[in-house]
Amino acid sequence: MTASALLEVRGLDVEFTAPDGTLTRAVRDVSFTLDRGETLAVVGESGSGKSTTALALLRMLPGTGRVARGSVLLDGQDLAAADEAELRRVRGARIGMVFQDPMTALNPVLTAGAHLDEVLRAHGGRDKAARLARAVELLDLVGIPDPERRLDDHPHRFSGGQRQRILIAMALAGEPDVLVADEPTTALDATVQDQILTLLGDLNRRTGTALVLITHNMGVVARACERVLVMYGGTVVEDGPTAEVLTRPRHPYTAGLLAAVPRLSAPSGTRLAGIPGAPPDLSVLTDGCAFADRCAFTEDRCRTVTPPLVTLTTRAASGEGTVRVACPPATSRSAPLPAAPPPARIDRPRPGAVVLEAVGLRKTYRGRGLRGRPLTALDDVSLTLAAGETLGIVGESGSGKSTLARVLAHAHPSDSGTLRLDGVDISRPSRRELHTVRRRIQMVFQDPYASLNPRMTAGQIIAEPLHAFGIGDRSRRAQRVEELLLLVGLDPSAADRRPRSFSGGQRQRIGIARALAPEPSVLICDEPVSALDVSVQAQIVGLLTDLQRDLGLSLVFIAHDLAVVRQVSHRIAVMHRGRIVETGSADEVCENPADPYTRALLAAAPDPVPPARHREPRSTQVPA
Amino acid sequence: MGIRLLRRLPSALLVLLVASFVIFSILRLVPGDPATSLAGPDAGPETVAAIRDRLGLDEPLPLQYVHWIGGLLTGDLGPSYAIGGQTADLIGDGLGATVELTLGALLFVVVLGTAFGVLGATARRGWVRATVRVLTTGALAVPPFVTGVLLVLLFAVVLKVLPSGGRVSVLTAPDLGVQYLLLPALCLALPSAAILGRYLKDGIERALAEDYVRTATAAGVHPRRLLWRHALPNALPPVVTLLGMQTGHLLGGAVLVEAIFAWPGLGQLAEQGLTRRDYPVVQDLLLLLVTVFVLVQLITDLVHAWLDPRIRWE
Amino acid sequence: MTAITLPAPGKPARRSPRHPYRAALASARGRVGLALVLPVVLAGVLAPLLAGHSPTDQSDLSLAAPGTPGHLLGTDDLGRDLLARLVYGIRADLGIIALAVPLGALLGCLFALLAATHPAVDTAVQRAFDLVLAFPGLILALAVTAILGPGRLPVVLVIALAEIPAFGRLLRTGILVEREREYATAARVGGASPARVLTRHILPNAVDPLVVQIAVSLTVAVFIEGAMSFLGVGVRPPQPTLGAVLSQSMPYLADAPHFAAGPLITVTALVLGLSLIAEALNREIRR
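Protein chains in written order, with our numbering: chain Y, 323 to 946; chain L, 971 to 1284; chain B, 1402 to 1688.
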């Protein structure tokens, strides 16, 4: 706790009141400091309180949220106790903020220039011409080409990455001391994410603005910040230099999280350990460690006493530093936790004969409106899938990978091209043939919230395909539902509950059970883990891999995260603008990429390995 | 903008064409012969035949239709059958009265609707918001014939400050005209004002909850400016569309309000024309109303596009 | 295989387990709404027991004040008992509404289902709805009455005609939205037939707005009946309806305001109550 700290947060508590009066403590006793020019990452999974903490700094909490206790000292001024007028003088002027989704964070009816002008006006820019000049300067600073001309453009004329740049320009307009960025790259593709992170790093160096980066992505932490604060269940569990925390985690949660992150460098067939269980429900949380239920090192005291943050001195190669950890078993041991067992290789049978074959698939969507240009989603896509094989398909948003999934699963028809199942042409099936095909090819969807009918129970949802394919009688079906629930790792008693009462990971298990119900031989998984937290993602990936091995399934695994795809796939196909630009064995594609686009994708993927000191900033370019 | 207008024009003309067919056919479905009712109960068959001939009722229907449309296009609406006088004059008089009533109501709709919407969404005091909510629910639910009776009871019977019915043109005698206009216009406006207010309130609340307002808040923009410069422009386009639709509803509702307040407008004329089988008057009148409705939609569409840059550049 | 993850126990339900419609009626708005509507409905249903007079019997006692022996609410200009006219008026309105609103809703839903079969049909149905909406509703009422002559039937038809586009558009939008939902796709991929996808997945999720619309339509029906009476094209006199009694009272507002009081209060209670119920349903459904 240096006296010169720019920002000091002490004992911050944030509470939300539900309509029925229940109190949720989303942030509990959070303390940390931020020095001038420092870069600090706040990392955690959904419900960890990281975004709420960021919003609480400027008292921008939504709904019923309020700072219940604690202080936020900015150069000694307590923002938690400041009135609205004082807060307005701080917001945008001393602390700038950037939010997650650049598509919604800009006002659709205001031009880029008007956005910047609003901030400059709010902080006393009286001269219109001067504001205009400054706006051009700011757009230039964040790397928008041709800034004078772009001032008059509305947000929908900019790409996602450019919009995020404009938001960063807005946050910097008042020359703040701190820039708080709440998941600034989560909604962006990996290559764009890389550019934005480079920009944030540059700006930090050039303007000396301290950076607080909220993220769930360990790769982003490693890539962008010197220090990291790990949050879980609304509390800080670990805080220290990035290099130290990421390589020698002391808190069991940090260690578990790091072990669950797929690494691009890990070869195909690696099994990752997820953290068992699901994140805690903050409204029923009592005293004790929030992580106790999921922790392998839990002792009695963990459940009764809320663990305090204890400062430890570390002696790393980079010099002496301090780490704060909230875990009595770990701190009393005064040495890093025993390292997690090295990731295990999975013993997988060799793929057999070709089951599914696609040749020259094309799909074009009609443009919207009278003059809307048609969108080519699939452009001459060919692939094969062998029995017992996992084919990974990787690509950024708009690459056509989801369309491919839907065409393969016969959810949408293709415009042209041939699909063969066991050598039989199924491209244009009759209704009867379609029925047979669907029994063999099933699909797991991306969004575990949207893909389950909210009005049906888990049992009804899983029994739906059994019913559709006329499998078994009533009692046999009930028995089969029970088997399937057990197969995907759920308790059979879950059958009577509706989707609303399950967590994201549990819902995805229900979706998998539904897909497995008619005993298919091919399973198309469209981004099955991208909506899930890392620790849960590892569980689901593990489940899919096990199911494949035990049931001899052929799997098409679609994702935007190259590391996950490499981990589960035998072979990888890289998609870009509706085409497959490269196919090969998973390890080969990741080690020796042939296509420039694959190389760009690989270079942009953030790996949770702390960088060596003073590394040259990487530049990545997407081939046009 | 011009291109947009050109693109919308064909479908608008099509609606008018179909509407003219429908109007023409419906009137021919009405039982009873206008010539018979015009000639009176005592007239002999030759009198009726003469009237039929004079009015062109013996012509085949398609020809009658062509004559009608041809007359409309050349500006010759012809004489009325039964009411007496030229159709154009009758409609002209009624139109003046109805337009006056509708515009008066529209003014109330905009003023009250905006007040309901902005206060309902942003008033700090809970009781203000609650009052607005109760007023909106009431104004929306209670039909004009009930509010009409209540308004007359209050202002004409109890307070005796405003007349209970009739009309003096605002153009010829502004101060007196306004007194006659106030009650019917308010009565006509209330439901539409309530709908507009509710839409605006929802729109503002939704816009204020948007990410871009959070962005502006984080940048230190003053709450008043957040409302007027950031939230309101986003809440407006759907409200403008709604206002266009409500203008149509006002025209329709005017028929009822005219009956309650003895306001000599198009509604009264339509009622007369229908009961007395006066084809020309009713035809022209209905087509006029549909035309106004279509025009309002067209204007609404253009204003909507002008307000929303995403559509403007499409 | 993998460890069994037990569903998180004791996770408090974010929403009351009760059915949303029941929850809506139990809310403050819903209760006030019911308290306003139920007595009116009851009065209409029990009209023969409550009236004590025939609603059309004239007497010499013209415009008698309320409280006159034998005439609790007084009499009208023709000496008819106002209580009898009120309760039988409610009864007449209920009869019209009970016929017209379900008819409009049914036809509207049928058109929506028809529109869902093919884009071309959809366009045709949409344009037909547009055309109906392009005619101001009360002009339509005048035209229909001109063809059929005044009476109960035209009133029922006009109300039904006005409700068709409302229900039709609502259900069409619902079907279009729900059809693109991922769980509908999931059901198709899971082998469910189009009919099963429609009945089991799409319709149950698209039906809520229709329930709200029914409450709204009931108020619209009360409005149309009244308006047609005021325009002289409603149910034929001397039969009482709420609108007819109110419109007959207009000339006597200054001298005998009690003449208007009964229908005025009844209509207000009815429409306010229905609107509150609609609001309550809407809030509960949108949760």
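Ideal Cβ positions, reconstructed from N, Cα and C, are used throughout, including at glycine.
Are the C-beta atoms of A595/Y and some chain D residue less than 7 Å apart?
Although the question refers to chain D, the structure presented lacks it and instead comprises the protein chains Y, L and B.
Going by Cα to Cα distance, which pick from L873/Y, V851/Y, D872/Y and G874/Y is closest to V863/Y?
Scanning L873/Y, V851/Y, D872/Y and G874/Y for the CA closest to the CA of V863/Y turns up V851/Y.
Using a beta-carbon distance below 7 Å, is V1209/L in contact with chain B?
Answer no: the Cβ-Cβ gap between V1209/L and chain B never drops below 7 Å.
Measuring alpha carbon to alpha carbon, tell me which residue in G826/Y, P821/Y, R822/Y and Q801/Y is nearest P814/Y.
Considering only G826/Y, P821/Y, R822/Y and Q801/Y, the residue with the shortest C-alpha distance to P814/Y is Q801/Y.
Quick check: the Cα distance between T1142/L and H1192/L, rounded to an integer number of angstroms?
Near 48 Å, if we compare the C-alpha coordinates of H1192/L and T1142/L.
Please state the DSSP three-state secondary structure of S481/Y.
Here S481/Y sits in coil by DSSP.
Could you check where the alpha helix (DSSP H) with Q782/Y kicks off and where it finishes?
For Q782/Y, the enclosing alpha helix (DSSP H) covers residues A780 to A790.
Taking 7 Å as the threshold (C-beta atoms), are G418/Y and A493/Y in contact?
With contacts defined as CB atoms closer than 7 Å, A493/Y and G418/Y qualify as a contacting pair.
H882/Y versus chain B: which residues are under 9 Å apart at the beta carbon?
Within chain B, no residue comes near H882/Y; the closest Cβ sits about 18 Å away, beyond 9 Å.
Backbone secondary structure at Y1051/L - three-state DSSP:
Correct three-state label for Y1051/L: coil.
Within 10 angstroms of its Cβ, does I1061/L collect 16 or more other Cβ (buried), or is it exposed?
Buried.
Between the Cα of P598/Y and those of K450/Y, A860/Y, V887/Y and V543/Y, spot the shortest distance and give me the residue it belongs to.
When each option's Cα is compared against that of P598/Y, the closest is A860/Y.
Residues, ordered as in the chain, of the region 1107-1119 of chain L that lie near chain B by beta-carbon distance below 8 Å:
Near chain B, meaning a CB-to-CB distance below 8 Å, the residues of the region 1107-1119 of chain L are T1107, G1108, L1110, A1111, V1112, P1113, P1114, F1115, V1116 and V1119.
Which residue comes first and which comes last in the alpha helix (DSSP H) that contains H1037/L?
L1031 to T1044 is the span of the alpha helix (DSSP H), which, as asked, contains H1037/L.
Check this for me: beta carbons of R549/Y and L329/Y, under 7 Å apart or not?
Cβ atoms of R549/Y and L329/Y: not closer than 7 Å.
Looking at the secondary structure, which residues open and close the beta strand (DSSP E) in which Y687/Y lies?
Here the beta strand (DSSP E) through Y687/Y covers V676 to Y687.
Selection of the region 1229-1242 of chain L by Cβ proximity to chain B, strictly under 7 Å:
Hits within the stretch, in order: A1229, I1230, A1240 and E1241.
Name the chain Y residues that come within less than 8 Å of G1575/B, Cβ to Cβ?
The premise fails here: G1575/B is roughly 14 Å from chain Y at the closest Cβ pair, so nothing lies under 8 Å.
Touching or not, the region 1447-1461 of chain B and the region 1509-1528 of chain B, by the rule of three or more beta carbon pairs under 8 Å?
Contact between the region 1447-1461 of chain B and the region 1509-1528 of chain B is absent, with fewer than three C-beta pairs closer than 8 Å.
Nearest by alpha-carbon distance to M540/Y: which of V896/Y, D855/Y, T905/Y and V878/Y is it?
When each option's Cα is compared against that of M540/Y, the closest is D855/Y.
Under the three-state DSSP convention, the category I1491/B falls into:
DSSP places I1491/B in the helix class (H, G or I) of the three-state scheme.
Within the 7 Å Cβ cut-off, does E1685/B reach chain L?
Not an interface residue.
What does the Cβ neighbour count give for R1573/B, buried or exposed, with the cut at 16 atoms within 10 Å?
With 16 or more Cβ atoms within 10 Å of its Cβ, R1573/B is classed as buried.
For the beta strand (DSSP E) containing H953/Y, name the first residue and the last one.
This structure leaves residue 953/Y out entirely; chain Y is present only between 323 and 946.
If you draw a straight line from the C-alpha of I784/Y to the C-alpha of G811/Y, how long is it?
Straight-line Cα distance between these residues: approximately 14 Å.
Rounded separation between P1279/L and V1210/L - CA only
If you take the alpha carbons of P1279/L and V1210/L, they lie about 15 Å apart.
Quick one: is L1632/B near chain L, going by C-beta distance under 7 Å?
So yes, L1632/B belongs to the interface.
Sorry if obvious, but does the Cβ on L396/Y come closer than 6 Å to a heavy atom of the ligand NAP?
Ligands in the displayed structure: none, and consequently the ligand NAP is not present.
Tell me the rounded alpha-carbon separation between L705/Y and V746/Y.
Near 15 Å, if we compare the C-alpha coordinates of V746/Y and L705/Y.
Residues in the region 1599-1617 of chain B with C-beta within 9 Å of chain Y's C-beta atoms, listed in sequence order?
Closer than 9 Å at the C-beta level to chain Y, one finds these residues of the region 1599-1617 of chain B: R1601, H1602, P1605 and N1606.
Whether A390/Y touches D335/Y by CB criterion (7 Å)
Cβ atoms of A390/Y and D335/Y: closer than 7 Å.
Three-state secondary structure assigned by DSSP to G1147/L
Helix.
What does the Cβ neighbour count give for A680/Y, buried or exposed, with the cut at 16 atoms within 10 Å?
Per the 10 Å Cβ criterion, buried.
Need the endpoints of the alpha helix (DSSP H) that P1440/B sits in, please.
Taken as a continuous stretch (DSSP letters only), the alpha helix (DSSP H) holding P1440/B covers A1429 to V1446.
N- and C-terminal bounds of the beta strand (DSSP E) containing S738/Y
From DSSP, the beta strand (DSSP E) with S738/Y extends over S738 to L743.
Can you list, in chain order, the residues of its chain whose CB lies under 8 Å from that of I1498/B, leaving out five sequence neighbours each side?
Excluding positions up to five away in sequence, the list reads I1560, L1619, A1622, V1623 and E1626.
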